[in-house]
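Trainee: Right, I'll just put the structure down here and ask away after.
Protein chains in written order, with our numbering: chain A, 229 to 347; chain B, 75 to 185.
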């Protein structure tokens with residue numbers, strides 16, 4: 229089974245621009261989560277999508293947004309880029325089914341990441 | 075929300091030595107994951123271990139959920155074991171895909 233893929237792998241942008249990152253989950257996985265990793269803040273949760281709906285959101289400004297398509301692929305968008313947005317952006321997929329009608333947790337698998345540099 | 079703390083922050087070993095990395099979490103969890111971040115930044119899954127002990131080659135992990143900690147053991151370390159090790163736990167009973175990560179343990183194995 230193919231793993232999680234992310235495109236592009238590297239990106240250089242300037243302040244004020246916007247950027248869109250893409251993530252394709254493992255086949256059959258319906259949950260996609262996004263994380264930002266910086267040297268100062270470590271790994272921080274951005275948001276999670278499940279069945280095209282945002283199910284969870286981290287503590288990031290509204291400039292950070294995302295969506296999920298019917299094939300479970302997900303995109304995240306950052307508008308009006310700031311220098312502090314330079315980071316490694318990781319996405320993870322999981323199968324997260326349901327148990328008794330409630331979402332059940334399952335193992336998350338990560339993609340290789342997109343390294344964004346804002347100049 | 076849950077807090078995850080890892081120790082030690084840094085560890086330097088001679089090749090062949092054994093090591094134990096610790097992960098403490100502030101609330102009960104029903105799953106816990108250990109990762110190794112490779113030099114290119116990808117998080118490689120090591121263990122998914124809500125409780126009990128698992129082994130995979132030279133690596134093993136134990137989670138004692140009632141005491142809110144997990145341990146990662148690396149035996150006969152090799153230079154390829156170098157890198158950053160993270161543990162992560164889900165946040166809250168109502169949250170599913172939101173993992174809270176520790177700050178990581180940076181391991182350097184010297185030849």
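Virtual Cβ for every residue (Gly too), placed ideally from N, Cα, C.
Can residue 349 of chain A and residue 342 of chain A be called in contact, C-beta distance under 8 angstroms?
Mentor: Residue 349 of chain A lies beyond the residue range present for chain A, which begins at 229 and ends at 347; the question has no answer from this structure.
Trainee: For residue 353 of chain A, is the classification buried or exposed, using 16 other Cβ atoms within 10 angstroms of its Cβ as the cut-off for buried?
Mentor: Residue coverage of chain A in this structure runs from 229 to 347, which leaves residue 353 of chain A outside it and unanswerable.
Trainee: Going by DSSP, what residues sit across from residue 98 of chain B in a beta bridge?
Mentor: Against the second chain, residue 98 of chain B aligns to sequence position 24. Bridge partners of residue 98 of chain B: B:79 and B:143.
Trainee: Which full runs of the beta strand (DSSP E) of 3+ residues lie inside the segment 230-271 of chain A, going along the chain?
Mentor: DSSP runs (the beta strand (DSSP E)) wholly in the segment 230-271 of chain A: 233-235, 238-241, 247-252 and 259-266.
Trainee: Under the rule that 16 or more other beta-carbon atoms within 10 Å means buried, what is residue 114 of chain B, buried or exposed?
Mentor: Stepping through the second chain from its first residue, residue 114 of chain B is reached at position 40. Label assigned to residue 114 of chain B: exposed.
Trainee: Compare the Cα-Cα distances from residue 101 of chain B to each of B:112, B:154 and B:163 and report the closest residue.
Mentor: What you label residue 101 of chain B is simply residue 27 of the second chain in a count that begins at 1. Of the candidates B:112, B:154 and B:163, the one whose C-alpha sits nearest the C-alpha of residue 101 of chain B is B:163.
Trainee: Check the DSSP bridge columns for residue 295 of chain A and list the partner residues they point to.
Mentor: Sequence index remark: in the first chain, residue 295 of chain A carries index 67 (1-based). Note: residue 295 of chain A sits in a beta bridge opposite A:303.
Trainee: Can we say the segment 106-123 of chain B touches the segment 81-94 of chain B, given the rule of at least three CB pairs closer than 8 angstroms?
Mentor: no
Trainee: With three or more beta-carbon pairs closer than 8 angstroms as the criterion, would you say the segment 256-276 of chain A touches the segment 288-295 of chain A?
Mentor: Under the Cβ criterion (8 angstroms, minimum of three pairs), the segment 256-276 of chain A counts as touching the segment 288-295 of chain A.
Trainee: Who pairs with residue 50 of chain B in a beta bridge, going by DSSP?
Mentor: Residue 50 of chain B falls outside the range modelled here, since chain B spans only 75 to 185, and no answer is possible.
Trainee: Please look up how many angstroms separate the CB atoms of residue 171 of chain B and residue 276 of chain A, rounded, as I've assumed it's under 8 angstroms.
Mentor: Within the second chain, residue 171 of chain B is the residue found at index 97, counting from 1. Within the first chain, residue 276 of chain A is the residue found at index 48, counting from 1. That pair is a contact at about 4 angstroms.
Trainee: DSSP state of residue 133 of chain B, grouped into three classes?
Mentor: Counting from 1 along the second chain, the entry for residue 133 of chain B is found at position 59. Residue state, collapsed to three classes: strand.
Trainee: Find out if the Cβ-Cβ distance for the pair residue 252 of chain A, residue 301 of chain A is shorter than 8 angstroms.
Mentor: Reading the first chain from its first residue, position 24 is the one you call residue 252 of chain A. Reading the first chain from its first residue, position 73 is the one you call residue 301 of chain A. A contact, by the Cβ cut-off of 8 angstroms.
Trainee: Taking 8 angstroms as the limit between beta carbons, can you name the residues of its chain near residue 233 of chain A, skipping five residues before and five after?
Mentor: Sequence index remark: in the first chain, residue 233 of chain A carries index 5 (1-based). Closer than 8 angstroms at Cβ, skipping near neighbours: 251, 252, 339 and 340.
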